[in-house]
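Chains as they are written, first to last, in this note's numbering: chain A, 1 to 280; chain B, 1 to 315. Where a beta carbon is used, it is the ideal one built from N, C-alpha and C, also for glycine.
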Amino acid sequence: MSRDLSRRTKLVLYGVLLVLAIPFVFPTWWMVTSSLKPVADIFAFPPQLLPVNPRLDAYRRVFELQPFGQQYLNSLYIALVVTIGTLAVSALAGYAFARIRFRGQNVLFLVVLAGLLIPSEVTIVPLFQMFFKLGLINTHWPLILVPIFGAPSVLATFIMRQFFISLPGELEEAARVDGLGRFATFWRIALPLSRPALGAVAIFTFLHSWNLYLEPIVFLSSPEKFTLPQTLTQFVDAYGGPMWDVQLAAASMTALPVLVVFVIAQKQFVEGLAHTGLKG
Amino acid sequence: MTRTDTRVGSVEARPTLGRARPFWTSRRRDQLTGYLLITPQLLGSAIFVILPLILVVWYSLHEWNVLAGTFDFAGADNYQALAEDPNLGAVLRATGLFSIGLVVFNLSLALLLAVLLNQKLRGTILFRTLFFSPVVVSLVAWTIVWGFLLQDNGGVNSLLDTMGVDGPNWLRGEGTAMLSVIVVQVFKNVGLNMVLFLAALQGVPANLYEAAEVDGASRMRQFGLITVPLISPTILLTSIITVVGSLQVFAQIAVLTQGGPGTSTTVLVYYLYQQAFQFHHFGYGATLSILLFVIVLALTVLQWQMRKRWVFHES
């Protein structure tokens, strides 16, 4: 429906878009600006769109109240390991299912694909028991192993397979005729061509791990093991009421780095996530 | 759908005349490589998806007291308890309300935003970035900010105040709590569906609209008769993703309402978490997991069936 529009229609459209953008932009704006205000100013009426007395006190207290640096590192290293592991597992399996013919291929693919119908919420009770028996409760292993091999990586394998199927076969055939073995063909020819798909898988895998909430609160119990989403809910006063300035400061530190990366690479994010169609 | 047409492996697979064929033919080596490459995924699925699914069925048939350390076969007791659970009605109602509300709000807003961004207008990329940005904001951070804004004396009510409206205590009222949770989730993720719709809209051939214009069809009729049928595969895809995603909602409930007030926002996954990990009823938690699994399965099958009925096919 891309037709040329009159000046008036354009103005109306801009107005509508601006109003619609408020609930998408304002929360993030409010989170960052409020984290810089003293508590009294956060609830000031009329609301201050910009902090009148900006200060970093809340940020200092985030680190006093929780081992926040450690928790930040936990989230970061878990998300990175999960991303690299998922890329490896899904690229290998996706390539094999797309390009190599072997007996039982279709049945095995369906077995793997069944994982898409089994969200981790369904299996959280037995997973807890399994990791409990292995003595891995209150360690990061469940948060690393389950995403690399469970439902999220099944989706990644599916995406990689679709991508490898869409690659023209001639290049690989030429390489094979030249005497390159199957694995070398995958490693040297197919994998470098699959960068867009790998990028998409990397983005959604990282975000998925970064956002995990149910699994950390089920598996982890000591603060120095916590991940960020779990930590954000820990900033409460003696009566259980949230310490808003501190909570918003911690939330800002969790959200802003990813947002900055997104703004820089928004094309890859939007297209990558749209193609994978994954919910965070 | 799972047919593979790659015949790469057959290139060298001709038998060599005059010599005995070695065991490790190119084809056999290829097969072995195939099995090796899928081994991590297959083993992982077996251990972390299939085995837990079998165990969850097994657990659901047992009475499991963690504190007393007993694990006794109980047959269908847990399922009978499920049928008689006085909370079940409220839990299913909350789950259904959340899913329906989310799908309706999410898909209509996503389609509206996509149509707006599909106009010939400068700066649509900027607005696309703005509408998409909550997708990359940490879920719990997003939820905490909204919890802050939706308090009785929070930002939303201050805004309503300036317009002379006395806003309710959003998260503490029976009806408004569910509405709030839905709206927070819609703004978080509607950008994904918006982008999918935008791609679909851009795939609709412009000459169809030109022809309709010549025939004197109004914009609304064009939208209903051309756009909607042509993007119906995307509508189906987004609705499946959104429904299945809506059944997994947990963090938003845990942070914003803890299932309350009363049980008005206790959706199935939150109830499952409470039963298994707060009250330590693992057997009953497993039974609730099965219920969740059956619902996800049934909805997915149903939606694929619907595809045959109403999705427009080009071929």
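Collapsed DSSP secondary structure at residue i in the structure displayed
i: Pro46 (chain A); result: coil
i: Val267 (chain B); result: coil
i: Pro54 (chain A); result: coil
i: Asp178 (chain A); result: coil
i: His280 (chain B); result: coil
i: Thr254 (chain A); result: helix
i: Glu215 (chain A); result: helix
i: His62 (chain B); result: strand
i: Asp72 (chain B); result: strand
i: Val186 (chain B); result: helix
i: Pro168 (chain B); result: coil
i: Pro242 (chain A); result: strand
i: Val236 (chain A); result: strand
i: Val122 (chain A); result: coil
i: Asn74 (chain A); result: helix
i: Arg345 (chain A); result: Residue 345 (chain A) cannot be examined here, being either before or after the span of chain A that is shown, 1 to 280.
i: Trp24 (chain B); result: coil
i: Phe204 (chain A); result: helix
Separation of residue j from residue i, as counted between CA atoms
i: Val269 (chain B); j: Phe226 (chain A); result: 22 Å
i: Val137 (chain B); j: Val183 (chain B); result: 16 Å
i: Phe282 (chain B); j: Gln80 (chain B); result: 16 Å
i: Ala249 (chain A); j: Ala254 (chain B); result: 20 Å
i: Gly272 (chain A); j: Asn65 (chain B); result: 46 Å
i: Leu198 (chain B); j: Leu302 (chain B); result: 26 Å
i: Pro242 (chain A); j: Thr242 (chain B); result: 31 Å
i: Gln41 (chain B); j: Val104 (chain B); result: 36 Å
i: Leu51 (chain B); j: Gly260 (chain B); result: 34 Å
i: Val154 (chain A); j: Val112 (chain A); result: 7 Å
i: Thr95 (chain B); j: Leu247 (chain B); result: 7 Å
i: Ile42 (chain A); j: Leu73 (chain A); result: 29 Å
i: Pro22 (chain B); j: Gln31 (chain B); result: 15 Å
i: Ile124 (chain A); j: Leu299 (chain B); result: 21 Å
i: Tyr59 (chain A); j: Val246 (chain A); result: 7 Å
i: Ala255 (chain A); j: Thr9 (chain A); result: 36 Å
i: Ile38 (chain B); j: Phe164 (chain A); result: 14 Å
i: Trp244 (chain A); j: Val39 (chain A); result: 7 Å
i: Glu213 (chain B); j: Ile100 (chain B); result: 35 Å
Contacting residues, own chain, Cβ-Cβ under 8 Å from residue i (five flanking each side not counted)
i: Pro223 (chain A); result: Gln66, Pro67, Gln71, Thr231 and Gln234
i: Val199 (chain A); result: One detail in the question is off: residue 199 (chain A) reads as Gly in this sequence, not Val. So the qualifying residues of the chain are Gln268 and Gly272.
i: Leu180 (chain A); result: Arg188 and Ile189
i: Val12 (chain A); result: none
i: Leu82 (chain B); result: Leu88, Tyr284, Thr287, Leu288 and Leu291
Cβ-Cβ separation, residue j to residue i (assumed contact under 8 Å), whole Å
i: Arg99 (chain A); j: Thr33 (chain B); result: Not a contact, Cβ separation roughly 10 Å.
i: Thr265 (chain B); j: Met178 (chain B); result: 5 Å
i: Phe48 (chain B); j: Leu145 (chain A); result: 7 Å
i: Ile144 (chain B); j: Ala114 (chain A); result: Between Ala114 (chain A) and Ile144 (chain B) the Cβ distance is about 35 Å, and since that is not below 8 Å, they are no contact.
i: Gln105 (chain A); j: Thr129 (chain B); result: About 41 Å; that fails the 8 Å criterion.
Closer than 7 Å to chain B by CB, residue i
i: Leu232 (chain A); result: yes
i: Glu121 (chain A); result: yes
i: Pro147 (chain A); result: no
i: Ala174 (chain A); result: no
i: Leu167 (chain A); result: no
i: Pro196 (chain A); result: no
i: Phe131 (chain A); result: no
i: Gln266 (chain A); result: yes
i: Arg188 (chain A); result: no
Sequence-distant residues of the same chain with beta carbon closer than 6 Å to residue i, five excluded per side
i: Leu149 (chain B); result: Gly155 and Val156
i: Phe132 (chain B); result: Gly191
i: Phe149 (chain A); result: none
i: His280 (chain B); result: Val66
i: Ile231 (chain B); result: Ala200
i: Pro51 (chain A); result: Thr33, Leu36 and Lys37
i: Glu63 (chain B); result: Asp72, Ala74 and Gly283
i: Arg7 (chain B); result: For Arg7 (chain B), the pLDDT reaches just 45, beneath the cut-off of 50, and the residue's location in the model is therefore unreliable, leaving the point undetermined.
i: Ala114 (chain B); result: Met194, Phe197, Leu198 and Leu201
Residue i at chain A interface by Cβ criterion, 7 Å
i: Ala141 (chain B); result: yes
i: Gln258 (chain B); result: no
i: Gln303 (chain B); result: no
i: Asp30 (chain B); result: yes
i: Leu126 (chain B); result: no
i: Ala177 (chain B); result: no
i: Gly203 (chain B); result: no
i: Pro52 (chain B); result: yes
i: Val214 (chain B); result: no
i: Gln41 (chain B); result: yes
i: Ala90 (chain B); result: no
i: Phe131 (chain B); result: yes
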